[in-house]
Amino acid sequence: MPQPIRVLVAKPGLDGHDRGAKVIARALRDAGMEVIYTGLRQTPEMIVNAALQEDVQVIGLSILSGAHNAIVPRVLELLREKDMSDVKLVVGGIIPDEDAENLKRDGVAAVFQPGASLDSIVTFIRTAVA
């Protein structure tokens, strides 16, 4: 039997709303993935260190604060520094279309905006890791 996909779900920055992240984490777990949830107010360094320690294949960031243009590039930089370029970074939250395109160009595997279905997120992660 293949090993389950390991996903780290994190809430970076000062955003205090984590219900969406918990819903995503539960959906991924229900889909058979191993999910590590870091909790609120994580720094990029904390997130990448946790991903390294937990040997995850995917990092999912939930960002509602508007700080995605500061946080995501730093996470991508740290992933490169630690030779973790094989780890897929997905981002969800309130992210304008133009910013989403820029994030994907910079190396984010996918950006899920409000209204994205749980099935589409699960399917994307399965496909990206396969």
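Numbered per the working numbering, the sequence shown spans residues 12 to 141. Where a beta carbon is used, it is the ideal one built from N, C-alpha and C, also for glycine.
Thinking C-beta only, is residue j closer than 9 Å to residue i?
i: M95; j: A62; result: yes
i: Q53; j: V98; result: no
i: A78; j: D26; result: yes
i: M44; j: R17; result: yes
i: D117; j: L90; result: no
i: I145; j: T49; result: One cannot answer for residue 145 here, as it falls past the ends of the chain, which runs 12 to 141.
i: I132; j: A32; result: no
i: L114; j: V83; result: yes
Mind checking residue i: buried by the 16 CB within 10 Å criterion, or exposed?
i: A120; result: buried
i: P13; result: exposed
Would you list the one or two residues that DSSP bridges to residue i?
i: F135; result: Bridge partners of F135: none, in fact.
i: G37; result: Reading off the sequence shown, one finds Arg at residue 37, where the question assumed Gly. Answer by DSSP bridge pairing: none, since R37 is not bridged.
i: V18; result: V46, V69
i: Q53; result: P23
i: A121; result: V101
To test your reading of the DSSP string, which unbroken beta strand (DSSP E) runs of 3 or more residues are found completely within the stretch 65 to 115? 69 to 74, 99 to 104, all fully within the stretch 65 to 115.
Check whether the stretch 14 to 22 touches the stretch 65 to 82, counting contact only when three or more Cβ pairs, one atom from each stretch, lie closer than 8 Å. Using a C-beta cut-off of 8 Å, the stretch 14 to 22 makes contact with the stretch 65 to 82, since at least three inter-stretch Cβ pairs fall below that distance.
Between the stretch 104 to 112 and the stretch 121 to 129, do three or more beta carbon pairs fall short of 8 Å? The stretch 104 to 112 is in contact with the stretch 121 to 129.
Check whether the stretch 127 to 136 touches the stretch 106 to 117, taking contact to mean three or more Cβ pairs, one atom from each stretch, closer than 8 Å. Under the 8 Å Cβ criterion, the stretch 127 to 136 does not count as touching the stretch 106 to 117, having fewer than three qualifying pairs.
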